[in-house]
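Protein chains: 2
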Amino acid sequence: MVSKLPRKQRERLEREELILEHAQRLLGRDGFQDFNLDELARAVEYSKGTLYLHFETKEDIALAVSTRVMEMRANLFERASAFNGSTRQRAAAIGYAARKFALEHPDHFCLQMMLKSNSFWEKSSPDRRRLHGIQTGRSFNFVNQIVTDAIVAGDLPPGTPAHVVTISLISTTIGSQVAGTEPDLQMLSGNGELSALMRLCQDRMCDGWQWRPLSTSSDWDYAAVESRIRAEIFTED
Amino acid sequence: MVSKLPRKQRERLEREELILEHAQRLLGRDGFQDFNLDELARAVEYSKGTLYLHFETKEDIALAVSTRVMEMRANLFERASAFNGSTRQRAAAIGYAARKFALEHPDHFCLQMMLKSNSFWEKSSPDRRRLHGIQTGRSFNFVNQIVTDAIVAGDLPPGTPAHVVTISLISTTIGSQVAGTEPDLQMLSGNGELSALMRLCQDRMCDGWQWRPLSTSSDWDYAAVESRIRAEIFTED
DNA sequence: CTTTTTATTGACTTAGAGTCAAAACGAGGC
DNA sequence: GCCTCGTTTTGACTCTAAGTCAATAAAAAG
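As they're listed, the protein sequences go chains A and B.
With this note's numbering applied, the first sequence covers 320 to 556.
With this note's numbering applied, the second sequence covers 320 to 556.
Right, dumping it as structure tokens:
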């Protein structure tokens, strides 16, 4: 990332990064509705006009923040997918990354959902929408690669449709993150840990596709796998 | 529902209903951001001041709309849970209801998510929050009852934790509805039907818990079950 | 040091949420 | 009918915050 860009362009990117850092903080604290650009301008010590040199609208800033966060998620997935082990263990590593992300950004998908509402999408710039799609795609591909490997290795039944398995895993992971942070549902299901719920959902979905070894089988020692994931992939943090 | 309330109170409720109908339409069309109360007032042919006799804030209206929609969902679940058959077939009936709902209200959970963001929740009245929780609870309970019956009947392994199964099914259903309507993911996973994705996720999650008969077994003829569900439960619509 | 170009600003416009004094309505009495 | 008093409804008004753009400052060129 040591860029050889001309100073001007480099400074511009640095300032954009500064804006996004503060925007992320304020969005997290206040939610999109109460997130206000006068305060953001004050925080970054530039004028409101300058913010509009980088972003077209408030929505555009939120989309850029979401993309930034999605990029972090995809980076976690990237690291996880390098885990050395059976395909099911590698899936567990991605699952671990998804849970780690959920604990660090529990309300990310609130913002994410918002971005998809009718009025929102069209107010953000096409270019930023593209960048957002790319990060979503990266996450998808890391999961999909492991699923494909599993089919090739025979850990998933032959003829299993890779894309569908991938999207089902993503669905259940997003769903459990969302459901696990929703106060009404938390109450009803008896205040468990978000992370535990997510893991259960991921495991059962893999089992449902008959991804071997099943989490109920004697070949599967999750605790051991998790401590290896922690030690080998997510050491420092 | 033929109320014996004094005329005044009845008229008030009818007006509230009128407001919510229009609010739902406008929210669906424009999203929360662009949903504006002057237009709503014009649509219902009352002044903005009158809207504020019913609701404390714009957020409060959105929450009430969400509650109304959640009530419809719970009502679909209620009808589905009366299906006569094995526990797994009854689960399929609820799944069918969830998919029917998803097709009618594909972006409901966008609004729903929004309601949970920091700033939003505290702007709505406690009373409406309570009502929202009740409808969420109804949906939860219809699912949970079937899960409990399945454990008693031995269709799920003994000792399976009912609440966790229930929340996992809700998670995967919400997750697949959300993921299936997200443009980026739709593109990546190859533009399938929302309904087909949701069904797959539901089935595989049930299979993951070993809910018998498994969807892969020869005892399971989904097409036959679905046509019975359609005929017996969701005939007229 | 002067001119030209580029970057930055913050006062201004505008839209829309939320308020409240005044107007309209309605029930009861005469 | 019509006057009085309490209740309901209203829409003009205030205020906040997104988005604009003419004016200013800084940098580059001459």
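Note that CB positions come from ideal geometry on N, CA and C, so glycine has one too.
Residue 379 of chain B and residue 443 of chain B: beta carbons closer than 8 Å? Yes, these two residues count as a Cβ contact at 8 Å.
What residues in its chain sit with their C-beta under 8 Å from that of residue 418 of chain A, if we drop five residues either side in the sequence? Answer for residue 418 of chain A: 513, 514, 517 and 518, listed in chain order.
Rounded to whole angstroms, what's the CA-CA distance from residue 478 of chain B to residue 530 of chain B? Just pull it up for me. Take the alpha-carbon of residue 478 of chain B and the one of residue 530 of chain B: they are about 13 Å apart.
For residue 371 of chain B and residue 549 of chain B, I'd like the C-alpha separation in whole angstroms. When rounded, the separation of the alpha-carbon atoms in residue 371 of chain B and residue 549 of chain B is 42 Å.
Straight-line CA distance for residue 459 of chain A to residue 389 of chain A? If you take the alpha carbons of residue 459 of chain A and residue 389 of chain A, they lie about 11 Å apart.
Against chain B: residues of the region 350-378 of chain A by CB proximity under 9 Å: So the list reads 350, 351, 352, 353, 354 and 378, given in the order they occur along the chain.
Under a CB-based cut-off of 8 Å, is residue 459 of chain A close to chain B? Closer than 8 Å: yes.
Between residue 553 of chain A and residue 410 of chain A, what straight-line distance do the alpha-carbon atoms span, to the nearest angstrom? Each residue's Cα considered, the two are about 15 Å apart.
Within chain A, the residues that residue 293 of chain B reaches when beta carbons sit closer than 8 Å: Past the edges of chain B, shown from 320 to 556, lies residue 293 of chain B, and the structure says nothing about it.
Of the residues B:454, B:500, B:364 and B:451, which one's Cα is nearest the Cα of residue 424 of chain B? Check the Cα spacing between residue 424 of chain B and each of B:454, B:500, B:364 and B:451: the tightest is with B:500.
Let's test the definition: count the other Cβ atoms within 10 Å of the Cβ of residue 332 of chain B and tell me whether it reaches 16, buried, or not, exposed. A residue is called buried once 16 or more other Cβ atoms fall within 10 Å of its Cβ, and residue 332 of chain B, having fewer, is exposed.
Inter-residue Cα distance where the pair is residue 538 of chain B and residue 523 of chain A: Taking the straight line from one Cα to the other gives about 21 Å.
Span of the alpha helix (DSSP H) around residue 474 of chain B: For residue 474 of chain B, no alpha helix (DSSP H) segment is defined, and its DSSP state is neither H nor E.
Find the nearest neighbour of residue 396 of chain B within the set B:541, B:528, B:506 and B:489, judged by alpha-carbon distance. Distances from the alpha-carbon of residue 396 of chain B to those of B:541, B:528, B:506 and B:489 put B:489 closest.
How about residue 494 of chain B: is its C-beta nearer than 8 Å to some C-beta of chain A? Among the residues facing chain A, residue 494 of chain B is included, as its CB has a counterpart in that chain under 8 Å away.
Continuous alpha helix (DSSP H) stretch holding residue 528 of chain B: start and end: Note, residue 528 of chain B: premise wrong, no alpha helix (DSSP H); not H, not E.
Nearest candidate by alpha-carbon position, reference residue 358 of chain B, set B:367, B:555 and B:474: With distances taken between Cα atoms, residue 358 of chain B lies closest to B:367.
In terms of residues, what are the limits of the alpha helix (DSSP H) holding residue 533 of chain B? Where residue 533 of chain B is concerned, there is no enclosing alpha helix (DSSP H), because DSSP gives it neither an H nor an E.
Cβ-based burial, residue 382 of chain B [other Cβ within 10 Å; buried from 16]: Buried is the call here.
Mind checking which residues open and close the alpha helix (DSSP H) that includes residue 485 of chain B? In the DSSP assignment, residue 485 of chain B falls within the unbroken alpha helix (DSSP H) covering 481-499.
Thinking just about the alpha-carbon of each residue, which of B:495, B:527 and B:414 is nearest to the one in residue 483 of chain A? The shortest C-alpha separation from residue 483 of chain A is found at B:495.
Mapping the DSSP letters down to three states, classify residue 401 of chain B as helix, strand or coil. In this structure, residue 401 of chain B counts as coil in the three-state DSSP scheme.
Helix, strand or coil at residue 557 of chain A [DSSP, three-state]: The requested residue 557 of chain A does not occur in the structure, where chain A is confined to residues 320 to 556.
Could you name the residues of the same chain whose beta carbon sits closer than 7 Å to that of residue 498 of chain B, not counting the 5 residues immediately before and after it, in chain order? Closer than 7 Å at Cβ, skipping near neighbours: 504.
Chain-ordered neighbours of residue 483 of chain A on chain B, where CB pairs are closer than 8 Å: Those within 8 Å of residue 483 of chain A in chain B are 508, 511, 516 and 519.
Which listed residue (B:450, B:399 and B:407) has its alpha carbon closest to that of residue 533 of chain B: Cα-wise, what sits closest to residue 533 of chain B is B:407.
Alpha-carbon spacing of residue 551 of chain A relative to residue 398 of chain A, whole angstroms: For the pair residue 551 of chain A and residue 398 of chain A, the Cα-to-Cα distance works out to about 10 Å.
Give the straight-line distance between the Cα atoms of residue 568 of chain B and residue 365 of chain A, rounded to the nearest whole angstrom. The displayed coordinates of chain B run from 320 to 556. Any statement about residue 568 of chain B would go beyond what the structure contains.
Taking any Cβ of chain B, which residues in the region 528-548 of chain A have a Cβ under 7 Å from it, in chain order? The region 528-548 of chain A vs chain B, Cβ under 7 Å: 528.
Where residue 452 of chain A and residue 432 of chain B are concerned, what is the direct C-alpha to C-alpha distance, given to the nearest angstrom? Per the coordinates, the alpha-carbon of residue 452 of chain A lies some 20 Å from the alpha-carbon of residue 432 of chain B.
Residue 523 of chain B CB to nearest chain A CB: under 8 Å? By this cut-off, residue 523 of chain B is an interface position.
Output, in chain order, the set of chain B residues within a Cβ distance shorter than 8 Å of residue 348 of chain A. Under the 8 Å cutoff, chain B gives 437.
Sort A:361, A:455, A:426 and A:435 by Cα distance to residue 386 of chain A and report the nearest one. The candidate whose alpha carbon is nearest that of residue 386 of chain A is A:455.
Mind pulling the chain A residues with CB within less than 7 Å of residue 501 of chain B? Within chain A, the residues whose beta carbon sits less than 7 Å from that of residue 501 of chain B are 435, listed in sequence order.
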